[in-house]
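The opening position of the sequence shown corresponds to residue 2 in my numbering, with each subsequent residue numbered one higher.
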Amino acid sequence: MKDILTAPFMVEMIRTATNMYAHGWDERNGGNISLMLEESGVSEYLDTQNVLRKIPTGFTAPELDGKYFLVTGTGKYFKNVQYAPDVNLGVVRLTEQGRQAELLWGYTDGGQFTSEFPAHMMSHVARLKVDPKNRVVMHCHPANLLAMTYVHDLDEKKFTRTLWQMCTECIVVFPEGVNVLPWMLCGTNEIGEATAEKMRTARLVVWSQHGIYGAGKDLDETFGLIETAEKAAEIYMKIAHLPLVNTITDEQMHRLEKRFGIKAREGYLEE
Ligand code: 13P
Ligand code: ZN
2 MKDILTAPFM
12 VEMIRTATNM
22 YAHGWDERNG
32 GNISLMLEES
42 GVSEYLDTQN
52 VLRKIPTGFT
62 APELDGKYFL
72 VTGTGKYFKN
82 VQYAPDVNLG
92 VVRLTEQGRQ
102 AELLWGYTDG
112 GQFTSEFPAH
122 MMSHVARLKV
132 DPKNRVVMHC
142 HPANLLAMTY
152 VHDLDEKKFT
162 RTLWQMCTEC
172 IVVFPEGVNV
182 LPWMLCGTNE
192 IGEATAEKMR
202 TARLVVWSQH
212 GIYGAGKDLD
222 ETFGLIETAE
232 KAAEIYMKIA
242 HLPLVNTITD
252 EQMHRLEKRF
262 GIKAREGYLE
272 E
């Protein structure tokens, strides 16, 4: 059996959590990541018959039965992941229609997966229906996106258009826009279901006055999505109080669509 700390998925997870902390997106225990793993990949590093503990999930997700995930632990600090991955991360397999998680590795201090596990797993289900290659759900608290939810209209079309107008390449990176949830109690099945519903039409879902969720095919792509939206929000927070003299027009957005072969969310741009 190979050392799991050398597995590419583990190395990438540790680097990503470390980088997210470095970006200031994950104060204290803020944020969480789940990465779906292939069974063949896991079995190179772990005896998949050796279940360390069973942890009830509190929800059902039959679509994920038998699926493996590497997940950040609840209450754990992203800044510490690189120093103690086995305490701060865990590998679980969902069973019993998603009602149980079997712990195969990690959470060595007796801990368990993030309190946002429902939002993560339900979002995986939603995104896999749209894109079978989806593997990652990522949540964090980037300051500018969060700030924007205090001063900007939360209407999804308006919020998306503002972000698109802040950097030329935003519309290229997230042509489907961002979806927005109002403030809701975090860590619940309700916010999980609401997030998953929003994930059906976009890979980015803002949690007002809390943070953002991103989904993608790998950690790099998902990080990049959030990074791009957060950059746009940063520009917005720099200029929102100043007289607006220039912007990116819808006509220019249409030129970007043609140049990059993308299609903006239906109805979000003037013809
Ligand atoms: P966890 O520590 O349970 O992952 O929670 C952090 C968080 O960001 C909650 O929304
Ligand atoms: Zn959070």
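Beta carbons are placed, not taken as given, at the ideal position from N, Cα and C, and that holds for glycine. Since this is a predicted model, take the numbers as computed values, not measurements.
Legend entry - Beta-carbon separation (whole angstroms), Tyr-64 vs Leu-129, contact threshold 8 Å: A small correction: the amino acid at residue 64 is Glu; Tyr does not occupy that position in the sequence shown. The pair is a contact, with the Cβ atoms about 7 Å apart (cut-off 8 Å).
Legend entry - Complete beta strand (DSSP E) runs within the stretch 21-87 (minimum length 3 residues, chain order): Taking 3 residues as the minimum length, the beta strand (DSSP E) runs contained wholly in the stretch 21-87 are 33-38, 54-57 and 69-73, in order along the chain.
Inset, instruction - Measure how close the beta-carbons of Val-137 and Leu-6 come, nearest whole angstrom, since I'm counting them as under 8 Å. - result: Not really, about 20 Å apart at Cβ, beyond 8 Å.
Inset, instruction - Taking 8 Å as the cut-off, decide whether the C-beta atoms of Gly-193 and Pro-119 are in contact. - result: Yes; because the gap between Cβ atoms is below 8 Å, this pair is in contact.
Legend entry - the stretch 167-185 / the stretch 97-110 touching (three or more Cβ pairs under 8 Å): Flag = no, the stretch 167-185 and the stretch 97-110 do not touch.
Legend entry - Straight-line gap, Met-200 to Thr-58 (C-alpha atoms, nearest Å): Answer to the nearest angstrom: the Cα atoms are 20 Å apart.
Legend entry - Cβ pair Thr-109, Val-88 closer than 8 Å: Yes. Within cutoff.
Inset, instruction - Can you check DSSP and say which residues form a bridge with Arg-266? - result: Its beta-bridge partners do not exist; DSSP assigns none.
Legend entry - Pair within 8 Å by beta-carbon distance, Tyr-69 and Val-52: In this structure, Val-52 does not lie closer than 8 Å to Tyr-69 by Cβ.
Inset, instruction - Taking all protein chains shown into account, decide if Asp-27 is buried (16 or more other Cβ within 10 angstroms of its Cβ) or exposed. - result: By the neighbour-count rule (16 or more Cβ atoms within 10 Å), Asp-27 is buried.
Legend entry - Local conformation of Ile-15 per DSSP, three classes: Note: Ile-15 maps to helix in three-state DSSP.
Legend entry - beta-carbon Lys-77 near ligand 1 non-hydrogen atom, thresh 7 Å: Lys-77 Cβ: within cutoff of ligand 1.
Inset, instruction - Pull up the distance between the alpha-carbon of Val-131 and that of Ile-240, whole angstroms please. - result: One C-alpha to the other measures close to 35 Å.
Legend entry - Environment of Pro-244 [buried if 16+ CB atoms lie within 10 Å]: Residue burial is scored here from C-beta neighbours: Pro-244 has fewer than 16 other C-beta atoms within 10 angstroms and is therefore classed as exposed.
Inset, instruction - Using only the heavy atoms of ligand 1, determine whether one of them is closer than 7 Å to the beta carbon of Gly-31. - result: Yes, since a heavy atom of ligand 1 falls inside the 7 Å radius drawn around the Cβ of Gly-31.
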